[in-house]
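Working notes, structure below.
Numbering (the numbering used here), first residue to last: 88 to 412.
See the structure below:
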């Protein structure tokens, strides 16, 4: 019988730690969005014409003055160290880049010396979504328009090539709330489970103190109580002694047998299988105690219920369809 409070709450604490770690990794793009793009670039968070869910930096070497427009947005072709990519942006976002380009229209990489860095998010050609249809961001016709625009512009000079499998979006066009919404939600869930773990530890301490007051001789020798109990089943992790029912498995619960009014055995259908449960109802205002039962142990519960009925006039409602009498 395990009376260690921390071990009994360890599962929830591990879940909290896992959620916090996951929340941190989900928050990385948002944290990067707060950094200056030049700092991101120096740290190596650079767009290299590859898929990424992070916020990355690009050093703009050149830009085409005339955007490719769609019904929803406009896209400027920008040249960076890893090729040419279409970036979703407004004129306001790229105004300084366009000004510099206009001053040196025929110069190769006119923006290189200006130190123009942008924070961007990467939009894949096709966004795959769970349980929903995929979203196509770059249609075949849009690809053709981008490619034609590229070959018509000065950006195609030299060995430059255009990336037609990704789009970029300037962080100036993106709300940072979207980047932090998921990690903040996960952190709140972790906080909820933290409160739940703390509450569980306090409840367990109260139950263990009650156990020690009911069975002082076994306070430090719980395994001996399992042997000496009036009724005990190690497989079911329960015992009855001196009219007290003790569950000591995943849940630790102490119940007076004479307060039990009714036991309901029922099952809940889940797609192709049943989940078996037991509900103990009391005469007092105590909340009904409901717990799940492994199917392979169903038969073992009938002798236990029969023993309880020998101690108190308990009504049994059998919904397990095991022909219990």
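Ideal Cβ placement from N, Cα and C applies to all residues, glycine included.
As the crow flies, the alpha-carbon of residue 386 is around 33 Å from that of residue 303. By the Cβ neighbour-count rule, residue 337 is exposed, with fewer than 16 other Cβ atoms within 10 Å of its own. A distance below 8 Å separates the beta carbons of residue 251 and residue 225. In its chain, beyond the 5 residues on either side, 330, 331, 332 have a beta carbon closer than 8 Å to the beta carbon of residue 343. When only Cα atoms are considered, residue 346 and residue 280 end up about 32 Å apart. Residue 98: member of the alpha helix (DSSP H) spanning 92 to 120, first to last residue. For the pair residue 171 and residue 248, the CB atoms are nearer than the 8 Å cut-off. With contacts defined as CB atoms closer than 8 Å, residue 144 and residue 127 qualify as a contacting pair.
At the C-beta level, residue 149 and residue 197 come within 8 Å of one another. For the pair residue 262 and residue 176, the CB atoms are not nearer than the 8 Å cut-off. Counting the other CB atoms within 10 Å of its CB gives residue 137 a total below 16, which places it among the exposed residues.
In the displayed model, residue 270 falls within a helix according to three-state DSSP.
In the DSSP assignment, residue 206 forms a beta bridge with 144. Taking residue 288 as the centre and dropping the five residues before and after it, the same chain places the C-beta of 92, 96 closer than 7 Å to its C-beta, in chain order. Assignment of residue 338 by DSSP, reduced to helix, strand and coil, places it in the coil class. Among the bridge pairs identified by DSSP, residue 363 is matched with 354, 380. Taking the Cα positions, residue 203 is about 7 Å away from residue 184. C-alpha of residue 174 to C-alpha of residue 122: approximately 20 Å in a straight line. Only buried fits residue 167, as 16 or more other CB atoms lie within 10 angstroms of its CB.
In this structure, the beta-carbon distance from residue 341 to residue 297 falls below 8 Å. Residue 364 sits close to residue 379, with the two beta carbons spaced by under 8 Å. With contacts defined by Cβ atoms closer than 8 Å, residue 233 and residue 181 do not form a contacting pair.
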